[in-house]
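Asks:
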Amino acid sequence: MCAACGMMYARGNDEDEKVHRAYHKSYLEGVPFKGWREETVVMRSEGGDRIILASGENSCIRNSKVQEVIKVVEKELGFGEGQLLHKLCKVYLFVSGGRIAGCLVAEPIKAAHEVIPSSASENRSNLPDNKTESAQAKHTLEFGKISFKREVLRRHNHPDKSKEECQGPGAIVCEEEAVPALCGFRAIWVVPSRRRKGIASQLVDAARKSFCEGGTLGISQCAFTPPTSEGKELASTYCKTSAFLVYRDGDV
Ligand SMILES: [Zn+2]
Numbered sequence: 001m002c003a004a005c006g007m008m009y010a011r012g013n014d015e016d017e018k019v020h021r022a023y024h025k026s027y028l029e030g031v032p033f034k035g036w037r038e039e040t041v042v043m044r045s046e047g048g049d050r051i052i053l054a055s056g057e058n059s060c061i062r063n064s065k066v067q068e069v070i071k072v073v074e075k076e077l078g079f080g081e082g083q084l085l086h087k088l089c090k091v092y093l094f095v096s097g098g099r100i101a102g103c104l105v106a107e108p109i110k111a112a113h114e115v116i117p118s119s120a121s122e123n124r125s126n127l128p129d130n131k132t133e134s135a136q137a138k139h140t141l142e143f144g145k146i147s148f149k150r151e152v153l154r155r156h157n158h159p160d161k162s163k164e165e166c167q168g169p170g171a172i173v174c175e176e177e178a179v180p181a182l183c184g185f186r187a188i189w190v191v192p193s194r195r196r197k198g199i200a201s202q203l204v205d206a207a208r209k210s211f212c213e214g215g216t217l218g219i220s221q222c223a224f225t226p227p228t229s230e231g232k233e234l235a236s237t238y239c240k241t242s243a244f245l246v247y248r249d250g251d252v
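For the sequence shown, full-length UniProt numbering assigns the number 252 to the last residue and increments by one with no breaks.
(1) Output yes or no for whether 7 Å exceeds the beta carbon distance between isoleucine 219 and alanine 200.
(2) Is the closest heavy atom of ligand 1 to the C-beta of alanine 4 under 6 Å?
(3) Can we count histidine 24 as close to ligand 1, meaning its CB is less than 6 Å from some heavy atom?
(4) Is it a yes or a no for the region 65-77 touching the region 108-118, going by three-plus beta-carbon pairs under 8 Å?
(5) Which value, in whole angstroms, describes the spacing of the CA atoms of valine 31 and leucine 93?
(6) Could you tell me if the beta carbon of methionine 1 falls within a distance shorter than 6 Å of some heavy atom in ligand 1?
(7) By the 10 Å Cβ neighbour count, where 16 or more other Cβ atoms means buried, how is aspartate 251 classified, buried or exposed?
(8) Measuring CB to CB, does phenylalanine 185 end up less than 7 Å from alanine 106?
(9) For the region 173-215, list the alpha helix (DSSP H) runs that are entirely contained and at least 4 residues long, ordered along the chain.
(10) Under the rule that 16 or more other beta-carbon atoms within 10 Å means buried, what is histidine 20, buried or exposed?
(11) Find the nearest neighbour of methionine 7 within the set Glu76, Arg62 and Asp49, judged by alpha-carbon distance.
(12) Should residue 268 be listed as close to ligand 1, given that the test is whether its C-beta is under 6 Å from any heavy atom?
(13) Counting C-beta neighbours from all protein chains within 10 Å, is the total for threonine 228 16 or more, i.e. buried, or is it exposed?
(14) In this structure, does DSSP put glycine 98 in helix, strand or coil?
(15) May I have the straight-line CA-CA distance separating glycine 48 from asparagine 63, to the nearest angstrom?
(16) Within its chain, find whatever has a CB closer than 7 Å to the CB of aspartate 16; leave out the 5 residues flanking it on each side and keep chain order.
(17) On the criterion of 16 or more Cβ atoms from any shown chain inside 10 Å, does arginine 99 qualify as buried, or is it exposed?
(18) Label residue 284 either buried or exposed according to how many other C-beta atoms from any shown protein chain fall within 10 Å of its C-beta, with 16 as the threshold for buried.
(19) For leucine 104, does the three-state DSSP call read helix, strand or coil?
(20) What is the DSSP secondary structure of alanine 243, reduced to helix, strand or coil?
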């Protein structure tokens, strides 16, 4: 198995190696993409990069390129095969240098929960004051526990993730009371070679701009799924607060 892209293949078998080389490059740099004749372009940058929308409405969502990207995202974020997309999803693709370098899947939601910052911004096991932590945990853990369990279950389906990773990111504690929200970011993925260059933020901008016909959505109308530690960082940086909104399946 390739440690970088996670693909299983028979070393020495020409055909297998060829398939692996192609997948490996797609995984690290993005799925090759020549463009569509009719594209719904949501944003275009000066450097020639663009974000395009694939949805059920413009029927691009069934395109094989979209499916190829979605497969990678499902694998990486721990969704089962075919579990990531549903009818109401909108898929935003970041196209750069002839490849799809990033992908955001948004879905309509009705409600979300605010993350309680002290628990979101720190790794709970590293908290110096144990007393504070347990007191806080008693007060708020019920919701946290639920999402924690689900996260762990989902992650356990992923053979490549270590046990440590299974348990770390679930520890997110939120207000039990829901607030109204409109757009949920179901999945956000950027290829490894292009991370930390603001692509994820641009995808979030694009989704906010075009998800609803009525105009650009405020940050407080959008929510993230209980994120991994990387996702947590993105969410809090983007929202400029660690009290960002998260949602569960029940809020959809
Ligand atoms: Zn590989």
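From the three backbone atoms N, C-alpha and C, an ideal C-beta is built for every residue, glycine too.
Replies: Let me spell this out:
(1) no
(2) yes
(3) yes
(4) no
(5) Taking the straight line from one Cα to the other gives about 11 Å.
(6) no
(7) buried
(8) Alanine 106 sits close to phenylalanine 185, with the two beta carbons spaced by under 7 Å.
(9) DSSP runs (the alpha helix (DSSP H)) wholly in the region 173-215: 199-210.
(10) buried
(11) Glu76
(12) In the structure as shown, the chain begins at 1 and stops at 252. Residue 268 is therefore absent and cannot be evaluated.
(13) buried
(14) coil
(15) Near 23 Å, if we compare the C-alpha coordinates of asparagine 63 and glycine 48.
(16) Tyr9 and Ala10
(17) By the 10 Å Cβ count, arginine 99 comes out buried.
(18) In this structure the chain extends from 1 to 252, so residue 284 is not present and cannot be described.
(19) strand
(20) In the three-state reduction of the DSSP assignment, alanine 243 falls in the coil class, being assigned neither a helical nor a strand state.
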